[in-house]
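Undergrad: Residue numbers (UniProt numbering), protein chains in the order written: chain C, 1 to 81; chain A, 1 to 518.
Okay, handing you the structure first.
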Amino acid sequence: MDVKRSPQGYLYWLFCQFELITCSYLMEPWEKVLFYSFNLAIAGLLLYTAYVCLVFHLSSAFQLLWGFLGNPRENALSVVK
Amino acid sequence: INHIVHNGGLYKRPFNEAFEETPMLVAVLTYVGYGVLTLFGYLRDFMRQWKIEKCQNATEREEQKDFVPLYQDFENFYNRNLYMRIRDSWNRPICSVPGAKVDMMERVSHDYNWTFTYTGRVIKDIINMGSYNYLGFAQKAGPCQEAAAKVLSQYGAGVCSTRQEMGNLDKHEELEKLVARFLGVESAMAYGMGFATNSMNIPALVGKGCLILSDELNHASLVLGARLSGATIRIFKHNNMQSLEKLLKDAIVHGQPRTRRPWKKILILVEGIYSMEGSIVRLPEVIALKKKYKSYLYLDEAHSIGALGPSGRGVVEYFGLSPEDVDVMMGTFTKSFGAAGGYIGGKKELIDYLRTYSHSAAYATSMSPPVVEQIITSVKCIMGEDGTTIGRARVQQLAENTRYFRRRLKEMGFIIYGNEDSPVVPLMLYMPAKIGAFGREMLKRNIGVVVVGFPATPIIESRARFCLSAAHTKEMLDTALKEINEVGDLLQLKYSRRRLVPLLDRPFDETTYEETED
């Protein structure tokens with residue numbers, strides 16, 4: 001827990017901060033394994049969901065936005081209907 | 001810019017006290033940490049109950065499992081699951097005099113702090129930032145020690161009686177006269193234990209039908225004494241004079257709760273320096289309020305006697321007030337005088353009454369003679385009556401050390417609570433893992449500190465408490481500061497946003513204070 005100049009040292013220091021904040025610094029090794037595997041599982045699920053769904057959500061949001069900005073007259077007609 | 005208060009000219013010097021607010025992110029992350037530990041605590045309790053894991057803490061016997069559970073409340077849960085993990089920072093055995101440097105026995109734990117074994121090695125010369133050694137009288141050589149050794153060979157160590165029976169030595173009389181002269185009061189009485197002084201004498205002074213107004217953050221001995229007395233207790237916010245005045249007004253106007261009779265006595269309990277916050281009581285305002293509403297004041301100078309004031313006579317001298325304004329001046333000999341015990345000083349009638357009616361005088365063994373001699377020698381040294389200026393120099397050295405240490409810590413960016421002049425310096429840690437980490441890292445660097453968590457402090461406001469001493473040289477303080485800086489960078493403890501929060505001196509109104517119902 002010494003040098004934080006080098007990138008490896010900095011990452012290790014960041015990991016130590018994570019350990020301190022989530023109190024895994026105080027846990028016994030088997031508790032740490034349990035905690036980290038749970039965290040990695042949740043993080044993995046989040047990443048997978050982001051990868052699968054984010055593209056679709058972004059493109060549909062972009063289309064909606066384009067619809068609002070692109071044709072003002074069409075937009076007014078559709079609102080009247 | 002510090003918010004300097006001059007309440008109608010009551011203060012002759014600026015009163016700089018600051019309690020920086022907890023940063024929001026830090027508070028959230030602290031709760032996250034406690035949440036994770038609580039979940040793991042439930043898991044471990046489950047495993048212990050279903051015998052998956054060996055149960056090493058105290059539990060009820062098999063036959064008692066159907067009775068009312070003994071260990072299910074939050075305190076026991078906290079003890080089993082959170083305190084046990086960081087337990088190695090407390091109860092560390094020392095094996096030398098607790099002066100500026102101390103020797104400590106090294107111990108390791110192979111089962112995660114449930115049991116400890118001593119390796120046999122002694123860690124030498126640890127800079128001691130945790131002992132209440134304000135004037136450096138915890139010495140094993142010097143005039144105090146020689147005088148105490150002489151008295152030990154003359155009187156022995158035990159007294160074998162209470163004050164009222166056969167335990168009243170001439171040494172005790174000499175001590176009490178000296179203490180009364182030191183404080184500037186008519187008469188004083190000394191007791192063997194500081195905690196017992198408070199808890200056994202407050203019941204002798206007040207009883208049912210009296211009102212006690214006690215500060216939020218008073219010490220356990222004051223709280224215990226107040227509860228044992230049977231008087232009605234009302235709490236005012238810490239060091240908040242508007243809150244105290246409101247309570248006093250209500251007490252005078254409404255009287256006792258059911259019968260509306262006037263209170264027999266109103267006693268205000270305050271401390272000189274609050275050891276967990278490092279704050280100093282606003283004594284000029286308390287005395288002004290006491291005189292206006294005709295109540296009595298009980299001042300507990302456990303940490304401030306010897307440590308404040310230009311000649312070490314405590315918080316009364318620090319503010320330039322007269323000791324006759326304080327009705328009961330209580331203090332301890334443990335902190336600044338290097339001994340053990342407590343005293344109460346006041347008018348002669350009061351002390352004569354306490355000699356007869358105090359529980360501590362009637363039932364507790366009186367002070368041991370070498371301890372009495374240590375106090376006599378150290379008080380004479382502080383007053384300058386032993387012919388040297390050592391006492392005066394020590395008081396000044398403590399004040400210098402305090403100012404220097406606090407200034408340097410604030411510059412580094414830590415959150416420090418309390419008054420600029422108090423030798424008790426709390427450094428905020430907040431997160432539970434950092435409590436254990438700070439204690440261990442400082443010990444690795446040969447500095448002994450006291451870290452405090454729940455239940456001595458609110459659950460998110462855990463802190464490390466440094467007690468400065470006149471025995472600390474500037475080199476020792478510089479070494480300590482360098483290590484604290486390093487550990488602060490390592491553990492990311494520099495939370496301060498350098499924004500000084502002004503003291504809460506706004507006018508007090510109904511919307512800001514909830515009254516407790518009787």
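For glycine and all other residues, C-beta sits at the position ideal for the given N, C-alpha and C.
Keep in mind that this is a model prediction, so the values were computed, not measured.
Whole angstroms is fine: what's the gap from V425(A)'s alpha carbon to E277(A)'s?
TA: Distance between the alpha carbons of V425(A) and E277(A): 8 Å.
Undergrad: Buried or exposed, going by whether 16 or more other CB atoms sit within 10 Å of the CB of M27(C)?
TA: Counting Cβ neighbours within 10 Å, M27(C) comes out buried, since at least 16 surround it.
Undergrad: Is the Cβ-Cβ distance between I123(A) and K101(A) less than 8 Å?
TA: For I123(A) and K101(A), no; Cβs fall outside 8 Å.
Undergrad: Within 8 Å, do at least three Cβ pairs link the segment 310-328 of chain A to the segment 181-189 of chain A?
TA: Yes, they touch.
Undergrad: Strictly under 8 Å for the Cβ-Cβ distance: is D505(A) near chain C by that measure?
TA: Confidence at D505(A) is low in this model, with a pLDDT of 46, below 50, so the placement of that residue is unreliable and no value is reported for it.
Undergrad: Should the segment 130-138 of chain A be regarded as contacting the segment 86-99 of chain A, the criterion being three or more beta carbon pairs within less than 8 Å?
TA: Taking 8 Å as the limit for Cβ pairs, the verdict is that the segment 86-99 of chain A does touch the segment 130-138 of chain A.
Undergrad: Is the number of C-beta pairs between the segment 376-391 of chain A and the segment 212-228 of chain A that are closer than 8 Å three or more?
TA: Cβ pair count under 8 Å is below three, so no.
Undergrad: Does Y132(A) pass the burial test, meaning 16 or more other C-beta atoms within 10 Å, or should it be called exposed?
TA: Y132(A) should be labelled buried.
Undergrad: Could you give the C-beta distance for Y296(A) and K246(A), rounded to a whole number, given that I count them as a contact under 8 Å?
TA: That belief does not hold up - the Cβ atoms of Y296(A) and K246(A) are roughly 19 Å apart, past 8 Å.
Undergrad: Please list, in chain order, the chain C residues whose beta carbon lies closer than 7 Å to that of Y42(A).
TA: Within chain C, no residue comes near Y42(A); the closest Cβ sits about 12 Å away, beyond 7 Å.
Undergrad: When you compare each of V286(A), Y404(A), P323(A), Y353(A) to L10(A) by their alpha carbons, which one comes out closest?
TA: If we check each option's Cα against that of L10(A), V286(A) comes out closest.
Undergrad: How far does the beta strand (DSSP E) with G346(A) in it extend, from its first residue to its last?
TA: G346(A) -> beta strand (DSSP E) spans 342-346.
Undergrad: For G35(A), count neighbouring Cβ atoms within 10 angstroms of its own Cβ and tell me buried if that reaches 16, exposed if not.
TA: Result: exposed.
Undergrad: Taking only beta-carbon positions, decide if Q17(C) is within less than 8 Å of chain A.
TA: Yes - at least one Cβ of chain A is within 8 Å of the one on Q17(C).
Undergrad: Does DSSP put C16(C) in a helix, a strand or coil?
TA: If DSSP states are grouped into helix, strand and coil, C16(C) belongs with the helices.
Undergrad: Checking contacts by CB at 8 Å: is C23(C) closer than that to chain A?
TA: Cβ-Cβ to chain A under 8 Å: yes for C23(C).
Undergrad: According to DSSP, is Y417(A) part of a helix, a strand, or is it coil?
TA: Three-state DSSP puts Y417(A) in coil, outside helix and strand.
Undergrad: Cβ closer than 8 Å: which chain A residues qualify as neighbours of L26(C)?
TA: Under the 8 Å cutoff, chain A gives L37, R85, I86, P432, A433, G436.
Undergrad: What residue range does the alpha helix (DSSP H) around K249(A) cover?
TA: Counting along the chain, the alpha helix (DSSP H) containing K249(A) begins and ends at 241-254.
Undergrad: Along chain A, which residues have their Cβ under 7 Å away from the Cβ of L20(C)?
TA: What L20(C) touches in chain A: M431, A433, K434, A437, L491.
Undergrad: For the structure I just gave you, are there three or more beta carbon pairs, one from the segment 44-55 of chain C and one from the segment 44-61 of chain A, closer than 8 Å?
TA: Result no; under three Cβ-Cβ pairs closer than 8 Å.
Undergrad: From the DSSP output, in three-state form, read off T22(C) for me.
TA: Coil at T22(C), not helix or strand.
Undergrad: May I ask you to report which of helix, strand or coil DSSP gives L321(A)?
TA: Residue state, collapsed to three classes: coil.
Undergrad: Could you give the DSSP three-state label for P29(C): helix, strand or coil?
TA: Helix, per DSSP.
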